[in-house]
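Following: one structure in structure tokens, then a few remarks.
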Amino acid sequence: MTEQAPQWAPEMAQHRRFLWRLARLQLRNDSDAEDAVQDTLLAAAQGWARYSPATPLRAWLTGILKHKIIDSLRSRQRHSACTLEALEASEPWSAVPDFDQNGRWDAATFIEHQCPQALVSRKQLMELIEICMASLPPRGAQLLLMREYLGFDTDEITAQSGLSAGNVRVVLHRARLQLRRCVVAGWGEHP
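Numbering (our numbering), first residue to last: 1006 to 1196.
Below, the structure is given as structure tokens:
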């Protein structure tokens, strides 16, 4: 008798490619990216009972992946005998979209997340940003993710990338400009 796949397996599988691209861009290694995605899907499968359908599945999986990427980067730093000052864990309330950084309910955020038009618009914008991020030069996309998504400061990015602080700022500036141009053009507006 063969076992059937759990009901959540196809839903998670459809996000696998996105997760892998995000991990690959950040970790710069196919094997490490695959490991991070596998760990993410395993953690998601084990925590499926805690998943709330009110949260988009991709966002939930991406949150898990973010922590797996940070774990991988920490592990790399330990093995390379260089110490990274401190990788800060994300705020506990950041995963709950209707609460602010202090754990207080935020009415504006609640309304934004409950409005169907806002949800559709946000989804379209995130898809456009994903497409635009893929069009950036790899170094620019990687540093932009480290800064804006993982929350690294310039010193941490410098330690991870081997670039000077000035070079990091220049690459980030150029990546932001390219991302802005792409998003504005894709959204149908003129700068």
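The C-beta atom is built at its ideal place from N, Cα and C for all residues, glycine as well.
Neighbour-count burial assignment, residue i, 16 or more Cβ in a 10 Å radius
i     : result
W1065 : buried
I1069 : buried
D1035 : exposed
Q1019 : exposed
A1049 : buried
Whole-angstrom distance between residue j and residue i, CA atom to CA atom
i     : j     : result
L1141 : L1184 : 7 Å
L1024 : W1013 : 16 Å
Q1051 : Q1031 : 25 Å
Q1129 : A1059 : 18 Å
A1028 : A1038 : 5 Å
R1127 : Y1154 : 17 Å
W1192 : E1132 : 11 Å
R1055 : R1026 : 25 Å
Proximal residues to residue i (C-beta, below 8 Å), its chain only, five neighbours per side dropped
i     : result
R1021 : V1042, L1046
T1007 : Below a pLDDT of 50, predicted positions are generally treated as unreliable, and T1007, at 44, falls in that range; the measurement from the model is reported next regardless. For T1007, where only same-chain residues beyond five positions count, there are no Cβ hits under 8 Å.
G1145 : V1176, L1177, R1179, A1180, Q1183
Chain-order list of residues whose beta-carbon lies under 7 Å from that of residue i (same chain, five-residue window excluded)
i     : result
I1162 : L1148, M1151, R1152, V1173
P1097 : Here P1097 scores only 40 on pLDDT, less than 50, and its place in the model is too uncertain to base an answer on.
C1187 : C1137, S1140
Beta carbon proximity, residue i to chain B, threshold 8 Å
i     : result
I1069 : In the structure shown, chain B cannot be found, because there is only a single protein chain.
Residues of its chain near residue i, where Cβ-Cβ distance is below 6 Å and the 5 sequence neighbours each way are ignored
i     : result
P1159 : First, the amino acid is wrong: residue 1159 is Thr here, not Pro. Same-chain partners within the cutoff: A1170, V1173.
I1136 : none
Are there three or more Cβ pairs, one per stretch, closer than 8 Å when the segment 1064-1078 is compared with the segment 1032-1042? yes
Assess contact between the segment 1146-1154 and the segment 1169-1188, defined as three or more Cβ pairs (one per stretch) separated by less than 8 Å. Is contact present? yes
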